[in-house]
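Oh and the sequence shown: position 77 is 77 in full-length UniProt numbering, straight run, nothing missing.
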Amino acid sequence: MENQLLKKLQIKTGFKVKVVNAPENLPAIIGNIPADIAILFNTETEFDGLLIFAIKKAELLSALKIETIGIKTICWIFYPKAKSKLASDLNLMQNWEDLKNFNLTPCGSAAIDDTWTALRIKPISELKRSGLGNTEIAKSDYGNYIDVANKIINLPEDLDIEIKKQPLAFNFYKGLSYSNRKEYVLWVLSAKQEKTRLGRIAKTVEKLSAGKKNPSEK
1 MENQLLKKLQ IKTGFKVKVV NAPENLPAII GNIPADIAIL FNTETEFDGL LIFAIKKAEL
61 LSALKIETIG IKTICWIFYP KAKSKLASDL NLMQNWEDLK NFNLTPCGSA AIDDTWTALR
121 IKPISELKRS GLGNTEIAKS DYGNYIDVAN KIINLPEDLD IEIKKQPLAF NFYKGLSYSN
181 RKEYVLWVLS AKQEKTRLGR IAKTVEKLSA GKKNPSEK
């Protein structure tokens, strides 16, 4: 069975994934690991994916000083949700400047479970200026949801679930042009934080229910 969390984190077949500061219940968090994906731990230096667990700011900074995050590295920082029971001084929504000190920038977010949320980071040099053109979409993670060649849109799982809860919104969405559907999906995918993404999903459902053809329409 496909591991849906690893799929959401863009961890692909054949990847070597290094985990830093792995909690004891890592298997419960990650789920069943496919045989063709290798999970490595702190001493490894060559990897395709990097998962950094950090409860304290010092843990995060220490990991970022040691690890090399290349242009092709899929890197996620796992940190406690504000409402979790873990005592944390880390709130990445307020600490982007720390990432800039390592020439890194947020480029995505993902909800993990009741305790953890995750922020994807990459080198600042790899962040597209617009990231919204067809060429950029095809070469980026957006291409997993937007097939620019065939003009096919696949809704992200969280957006798909929320839209389908509201038949009026879902039916209106299905009647939109490819371009308008693409605008809505890009609006959600381009959110850099989980809170922002959740807000945009809610607004998407609201706007579609109101008959708005794109997210910029008032």
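A virtual CB, placed ideally from N, CA and C, is assigned to each residue, including glycine.
Just so you know, these numbers come straight off a predicted model, no measurement behind them.
Residue 199, enclosing alpha helix (DSSP H) - first and last residue: 194-209
Tell whether a beta-carbon distance below 8 angstroms holds between residue 11 and residue 52. no
For the stretch 33-94, list the beta strand (DSSP E) runs that are entirely contained and at least 3 residues long, ordered along the chain. 38-40, 49-53 and 74-80
Does DSSP classify residue 106 as helix, strand or coil? strand
Look up residue 242 in the DSSP assignment and give the residues it is bridged to. Missing from the structure shown is residue 242; the chain here goes from 1 to 218 and no further.
If you draw a straight line from the C-alpha of residue 129 to the C-alpha of residue 212, how long is it? At residue 129, the pLDDT of 46 sits below 50, so the modelled position is not reliable and the matter cannot be decided from this model.
What does a CB cutoff of less than 8 angstroms around residue 85 pick up in its chain, not counting 5 residues either side in sequence? 115
What number of angstroms, rounded off, separates the C-alpha of residue 43 from the C-alpha of residue 167? 50 angstroms
Between residue 60 and residue 35, what straight-line distance do the alpha-carbon atoms span, to the nearest angstrom? 29 angstroms
If you run the structure through DSSP and keep just helix, strand and coil, what is residue 123? strand
Spatial distance of residue 82 from residue 90 (CA atoms): 9 angstroms
Does the beta-carbon distance from residue 146 to residue 182 come in below 8 angstroms? yes
Below 7 angstroms CB to CB, which residues in the same chain sit around residue 225 once its five sequence neighbours on both sides are set aside? Since the first and last residues shown for the chain are 1 and 218, residue 225 lies out of range.
Pull up the CB-CB distance for residue 48 and residue 17, whole angstroms please, since I reckon it's below 8 angstroms. 7 angstroms
Please name the residue, chosen from 33, 153, 192 and 3, that lies closest to residue 117 on a Cα-to-Cα basis. 192
Do residue 3 and residue 32 have their C-beta atoms closer together than 8 angstroms? yes
Extent of the continuous beta strand (DSSP E) to which residue 148 belongs: Note, residue 148: premise wrong, no beta strand (DSSP E); not H, not E.
Starting from the Cα of residue 143, find the closest Cα among 206, 185, 75 and 58 and give me that residue. 185
Taking the alpha helix (DSSP H) that residue 218 belongs to, which residues open and close that run? No alpha helix (DSSP H) contains residue 218, which DSSP labels as neither H nor E.
Can you name, in chain order, every residue of its own chain whose Cβ lies under 8 angstroms from the Cβ of residue 73, other than the five neighbours on each side? 47, 48, 49, 50 and 122
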